[in-house]
Each structure stands twice: as C-alpha cells, then as structure tokens.
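Q: After the structure tokens below, expect a handful of questions from me.
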Amino acid sequence: MIKKHDPFPTRLKKHLDPFTRLDPIVHSRNQRRWEGPLDEVALSRYERDGFLWFEGFFSKERVEPFFDELREMAKDEKLMESDQIIRDPASGAIRSVFGMHELSENFDRLTRDPRILGMVRQLLGSEVYIHQSRINDKFGFEGSGFDWHSDFETWHAEDGMPRMRAVSASLMLTENTEFNGPLMLIPGSHHVFVPCVGETPDMNWQDSLKAQRLGVPDRKGLGWMADRGGIKAPKGPAGSLLLFECNTLHASNENMSPWPRSNLFFVYNSVDNTLEKPFAGTTERPEFLGNRKNTEALTMHDDFPELSNQGVKPLRA
Ligand code: 6CS
Ligand code: FE
C-alpha cells in the first residue's frame with residue numbers, strides 16, 4: 474500500500490524539527506461570505522496569540538444550571554460506568570465527561586448559541602460541526618494537571634483530522650483562578666507545528682485522557698516557544714469564554730484549592746475538514762472522541778432572540 478503524504482508528521486521514531494504551520498489561522502480572510510461578530514482587532518489578536526478571552530461572556534446565572542445538570546448526571550450510575558467518563562488517575566474522581574452535547578439538550582443548544590457560532594464560523598470560514606465535546610472537572614484538592622500539548626497534534630495523529638481548521642470554545646462553569654488549575658497557553662505557539670517523538674499504540678486514548686504522555690513536544694521546543702510567547706492563564710468568573718485555535722499549546726496544573734474548577738469544551742471543526750484515517754496508523758477512536766457520524770452543519774439556536782440579535786451581524790450565507 475502506498476502511504477499518503479502526511480503534511481503534519483508526528484509520533485515519529487526520530488526527532489524532526491518544528492516547522493511553520495501550513496494553514497491559515499483566520500480562515501475567513503478574503504471570503505466576504507463569512508463576516509461575523511469579531512472585529513479586526515480581535516481577528517488580529519487571534520492570529521497573533523492563537524486564542525481570545527472573553528471575561529464574563531455569559532452571566533453566572535446563565536451558566537449555573539449547566540453545573541447543576543452535571544451534578545445530576547453524576548448520579549446516573551450507568552453513565553458513570555461508560556467509557557465516556559474518564560476518572561482522575563490519582564483520586565478516582567470524575568475528570569472528564571465526553572459527548573456532552575449528545576447527553577443533554579441544554580448542552581446541545583449551547584453549542585448552537587448564535588454569539589459563539591457566529592465567531593466560530595468566522596474563524597473557520599465555513600459551516601461547522603462538533604468534533605468533540607467534553608467537560609473537564611477538577612474537584613477541590615483533587616484534580617491533577619495535564620502536560621503541554623497541541624490538540625490538533627492528537628486529532629491529526631489519532632483521529633485523522635486533515636488540516637488545522639478547528640477551534641475549541643471553553644466555557645468556565647466555575648470561577649477560574651490561579652489556585653484551581655486554570656488552562657495555561659503559550660501565545661503564538663499555534664504558528665508552529667511541533668512533530669512529537671513516540672509511536673502510538675492502539676487504544677492509546679484509554680491512557681492518554683488520564684495523562685498525556687505521547688504528543689508532548691520536547692523540552693527544547695517548549696522552551697523555545699515559551700521564551701518567545703510567554704505563558705498566559707486567563708482567569709475570570711463563571712460564564713467567561715475562551716476560544717483557542719486547535720494548534721495552540723496548552724497545559725494545566727493541579728487544583729490545589731478547596732474549590733472546584735469545571736470547564737466545558739466544545740470543539741468545532743470545519744465541514745470541509747472532516748476526519749480521514751488516523752495519520753498515526755492506529756484504529757479510529759470512539760465517536761465520542763472524534764465524531765464521524767454527525768457532521769452536518771450546525772444551525773443557530775437562540776434562547777433570547779431579542780437580546781442576541783443586537784450584537785451579531787447576520788451572516789450572508
Ligand atoms: O485526546 C483528545 O482528544 C483530548 N485530549 C487532550 C489532552 N486534549 C483535547 C482532547 O480532549
Ligand atoms: Fe487539550
């Protein structure tokens with residue numbers, strides 16, 4: 474069998490130097506069709522840093538019910554035993570629940586919020602669908618950290634995501650502080666693809682979702698990137714929103730505080746970037762990690778049309 478050329482080789486036997494990304498960052502540049510709510514200042518910042526932070530994007534009252542719903546889900550014993558639930562390696566507490574938007578109508582609607590969807594379509598320059606959704610919980614005193622990685626690196630190697638044309642929206646369901654293990658990002662790291670050393674065993678996800686061992690750039694590469702861009706950890710109240718480009722390097726520390734840190738993640742992928750065979754040569758991961766079935770374009774859902782139409786320019790689709 475002739476192996477297809479891989480533009481982003483990774484999980485290699487030997488070191489390969491990092492190289493400049495091959496894909497646009499704001500995919501709607503030069504496409505008048507995908508105008509959206511982000512102005513030029515925001516678009517340029519996203520291009521420069523690889524993320525955008527919206528402190529207090531939603532009110533605390535708006536996000537509280539989501540947190541309550543999660544507590545209810547935790548009582549569902551059958552769900553708690555499924556593969557979709559990942560437990561903390563140290564404490565056994567729930568660490569992640571995958572496929573949130575399929576478990577709950579409310580979470581599904583949230584993925585289609587016009588303010589979020591408008592920005593995401595603008596960044597990706599196309600219609601979009603959900604590649605993966607999850608909630609990452611770190612209970613007080615319990616939640617472990619996560620090593621540096623680019624999500625795209627994993628999605629490309631293990632899910633066959635062909636290009637860098639995805640964006641994660643992370644909505645804080647609790648306050649994120651310097652004490653409870655907030656997400657840390659290296660601004661500008663999305664400009665570079667860092668091939669990683671280490672071959673991927675089949676079913677790697679059963680281990681990698683607890684602790685990232687493969688797909689971690691070497692320390693030289695990380696040091697070089699952090700020296701250039703620094704490290705940022707956006708902090709803010711429940712309801713704050715982070716949009717980050719799929720190749721932006723990120724990590725997080727343990728939660729050393731008594732308070733929980735609970736963040737919701739929706740990964741949006743362009744409908745023109747659907748999954749192929751995993752580039753690492755492994756078998757496809759489960760649907761709840763890399764969705765292959767429901768790739769139809771998302772439509773907007775509006776809970777408060779009279780409010781949200783004000784800030785969002787209608788799309789000339
Ligand atoms: O393997 C994945 O798809 C997941 N793993 C990490 C460390 N981040 C993103 C994603 O949820
Ligand atoms: Fe990640």
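Every letter in the sequence shown is one number past the one before it in the numbering used here, and letter 165, counting from 1, is 638.
No residue lacks a Cβ here, since even glycine has one placed at the ideal position from N, Cα and C.
Because the structure is a prediction, the values reported are computed rather than measured.
Would you mind listing the alpha helix (DSSP H) stretches within the stretch 490 to 548 that are 4+ residues and don't spill past its ends, in chain order?
A: DSSP runs (the alpha helix (DSSP H)) wholly in the stretch 490 to 548: 513 to 522 and 533 to 546.
Q: So the candidates are Met773, Gly523 and Arg544; which of them puts its Cα closest to the Cα of Met637?
A: Ranking the options by Cα distance to Met637, first place goes to Gly523.
Q: Using only the alpha-carbon positions, how far apart do Met553 and Arg701 sit?
A: When rounded, the distance between both Cα atoms is 42 Å.
Q: What I want to know is whether the C-beta of Asp680 ends up closer than 6 Å to one or more non-hydrogen atoms of the ligand FE.
A: No, Cβ of Asp680 sits at least 6 Å from all heavy atoms of the ligand FE.
Q: Which whole runs of the alpha helix (DSSP H) in the stretch 671 to 738 are 4 residues long or more, in chain order?
A: Complete alpha helix (DSSP H) runs here, min 4: 678 to 681 and 692 to 702.
Q: Does the distance between the C-beta of Gln685 and the nearest non-hydrogen atom of the ligand 6CS fall short of 6 Å?
A: Flag set: Cβ of Gln685 near the ligand 6CS.
Q: Going by beta carbon distance, what residues of the same chain come within less than 6 Å of Leu788, once the five residues before and after it are set aside?
A: Note that Leu788 has pLDDT 40, beneath the 50 cutoff, so the model's placement of it is unreliable and no number is given.
Q: Compute the beta-carbon to beta-carbon distance between Ser641 and Val740, rounded to the nearest angstrom, for a pair I have assumed lies under 8 Å.
A: Indeed, because the Cβ distance is near 5 Å, the residues count as touching under 8 Å.
Q: Give the secondary structure of Lys477 by DSSP, where H, G and I count as helix, E and B as strand, and everything else as coil.
A: Here Lys477 sits in coil by DSSP.
Q: Per the contact definition of three or more C-beta pairs closer than 8 Å, is the stretch 679 to 686 in contact with the stretch 736 to 751?
A: No, the stretch 736 to 751 is not in contact with the stretch 679 to 686.
Q: Can you tell me whether Gln504 is buried or exposed? The criterion is at least 16 other CB atoms within 10 Å of its CB, across all chains shown.
A: Exposed is the call here.
Q: Can you tell me which of the three DSSP states Met634 falls into?
A: Met634 falls in the coil class under three-state DSSP.
Q: Per the contact definition of three or more C-beta pairs closer than 8 Å, is the stretch 762 to 772 in contact with the stretch 683 to 700?
A: No, because fewer than three Cβ pairs between the stretch 683 to 700 and the stretch 762 to 772 fall closer than 8 Å, the two stretches do not touch.
Q: Could you check what DSSP says for Leu811 in three-state terms: helix, strand or coil?
A: The question about residue 811 has no answer here: the residues shown for the chain are numbered 474 through 790.
Q: Using the rule of at least 16 other Cβ atoms within 10 Å of the residue's Cβ for burial, across every protein chain shown, is Asn579 buried or exposed?
A: Exposed, because fewer than 16 other Cβ atoms sit within 10 Å of the Cβ of Asn579.
Q: Identify the residues that DSSP records as bridge partners of Ala639: which are they?
A: Its beta-bridge partners are Asn742.
Q: Is it the case that the Cβ atoms of Arg585 and Met773 are separated by a distance below 7 Å?
A: In this structure, Met773 lies closer than 7 Å to Arg585 by Cβ.
Q: From the DSSP output, in three-state form, read off His604 for me.
A: It is a strand residue.
Q: Do you know offhand how far Glu648's Cα is from Leu596's?
A: When rounded, the distance between both Cα atoms is 26 Å.
Q: Quick one: what's got a C-beta closer than 8 Å to Lys786's C-beta in the same chain, skipping five residues either side?
A: At Lys786, the pLDDT of 44 sits below 50, so the modelled position is not reliable; the number obtained from the coordinates is stated separately. Only Glu508, Gly509, Pro510 and Gly591 meet the Cβ criterion.
Q: What residues in its chain sit with their C-beta under 8 Å from that of Ser577, if we drop five residues either side in the sequence?
A: Here the set comprises Glu542 and Met546.
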